[in-house]
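Shown next, in structure tokens, is the structure this report addresses.
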Amino acid sequence: MRLAAKNRKIDITSKARQINKNDFQKFNYILTMDDSNYKNVMSLKNREPYSDNCKVRKIQEFANSFHEKEVPDPYFGGEEGFDYVLDILTDSISGFLDHIFKNHF
49 MRLAAKNRKI
59 DITSKARQIN
69 KNDFQKFNYI
79 LTMDDSNYKN
89 VMSLKNREPY
99 SDNCKVRKIQ
109 EFANSFHEKE
119 VPDPYFGGEE
129 GFDYVLDILT
139 DSISGFLDHI
149 FKNHF
């Protein structure tokens, strides 16, 4: 993924981490990539008091051009799989930012 992103001049310097209970108070949105992640995050959120202000959404809900229900695992698509996932995420992130600006500004 880092190589595919680098080819698009996207620098991925962050590292993945597990969501923790404090995230529901720290963030307004938590975006998930697939149904399994969504269910796991919602299960954790439902056990946490004071988590109502954080919205958990599937990133694909914000897609404009792609109609997949989940972001696919890029490892099953060879090199093209990584580019495809980046296309989906670029589309979905654009839609998410549009949503934020329309609803919060």
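Okay, so the sequence shown: first residue is 49 according to this note's numbering, each after it adds one.
No residue lacks a Cβ here, since even glycine has one placed at the ideal position from N, Cα and C.
Taking its Cβ as the centre, do 16 or more other Cβ atoms sit within 10 Å of residue i, making it buried, or is it exposed?
i	result
threonine 61	exposed
phenylalanine 72	buried
glutamine 66	exposed
leucine 137	buried
Quick one: residues in its chain with C-beta nearer than 6 Å to the C-beta of residue i, no 5 flanking neighbours on either side, listed in chain order?
i	result
aspartate 131	Ala52
Hey, does residue i have any beta-carbon neighbour from chain D nearer than 8 Å?
i	result
lysine 150	Looking for chain D here will not work: only one protein chain is present.
Going along the chain, which residues of its own chain have a beta-carbon closer than 8 Å to the beta-carbon of residue i, five neighbours each way excluded?
i	result
glutamate 118	Met81, Asp82, Asp83, Lys106, Gln108
methionine 90	Val104
Who are the near neighbours of residue i in its chain, counting only those whose CB is closer than 7 Å to its CB and skipping five residues on each side?
i	result
valine 133	Val119, Pro120, Pro122
Secondary structure, alpha helix (DSSP H): runs of 4+ residues fully inside the stretch 69-129: Whole alpha helix (DSSP H) segments, 4+ residues: 71-74, 83-94.
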